[in-house]
Amino acid sequence: QVQLVESGGGLVQPGGSLRLSCAASGRIFSISRTAWYRQAPGKQREFVAHIFSSGFTNYADSVKGRFTISRDNAKNTVYLQMNSLKPEDTAVYYCNCLALREYWGQGTQVTVSS
Numbered sequence: 744q745v746q747l748v749e750s751g752g753g754l755v756q757p758g759g760s761l762r763l764s765c766a767a768s769g770r771i772f773s774i775s776r777t778a779w780y781r782q783a784p785g786k787q788r789e790f791v792a793h794i795f796s797s798g799f800t801n802y803a804d805s806v807k808g809r810f811t812i813s814r815d816n817a818k819n820t821v822y823l824q825m826n827s828l829k830p831e832d833t834a835v836y837y838c839n840c841l842a843l844r845e846y847w848g849q850g851t852q853v854t855v856s857s
């Protein structure tokens, strides 16, 4: 079992920045991939970014150049640094990991509004 807890969401003005955190606990040695997804009201959940145990990263086109995914192995935490935020980035952001099976966090709300 793996437990994921997200934090760092909030209200930010357009052009601002936020850093989300995803802290993992449990059988963390089995995690091969950690990802961020988001779901806006009335829309399907969509992929944002992921990082593999090798360090390889990939991003959705909509966030490339603005968001950066990284990890701190000592803290068992994956981060999503979000810069130049836009109103269309407003969503609940979920952490996801693959460790023999998929696990999800509870989500954290990000609202970009003036």
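Just so we're aligned, residue 744 is where the sequence shown starts under the numbering used here, counting upward by one. Here a beta-carbon is modelled for each residue, glycine too, at the ideal position from N, C-alpha and C.
Residue i to residue j, Cα distance in whole Å?
i	j	result
N819	A767	6 Å
I794	V853	21 Å
S827	A842	32 Å
V806	S796	21 Å
T851	Y836	5 Å
S813	G848	17 Å
Q746	Y846	7 Å
L823	I771	19 Å
E808	Q787	The displayed chain sequence assigns Gly, not Glu, to residue 808. If you take the alpha carbons of G808 and Q787, they lie about 23 Å apart.
P830	N816	32 Å
D832	D804	13 Å
F790	W779	7 Å
S760	V855	10 Å
Tell me whether residue i is buried or exposed, calling it buried when 16 or more other Cβ atoms sit within 10 Å of its Cβ.
i	result
R762	exposed
F799	exposed
L754	exposed
N869	With the chain running from 744 to 857 in the structure shown, residue 869 is simply not present.
R844	exposed
Determine whether the Cβ of residue i lies closer than 8 Å to any Cβ atom of chain B.
i	result
R770	Protein chains in the displayed structure number just one, and chain B is not present.
Does the distance from the C-beta atom of residue i to that of residue j stay below 8 Å?
i	j	result
S764	S750	yes
P784	S857	no
F810	A792	yes
T777	V821	yes
Could I get the ranges of all uninterrupted beta strand (DSSP E) runs contained in the region 755-800, with 3 residues as the minimum, in chain order? 761-769, 776-782 and 789-795
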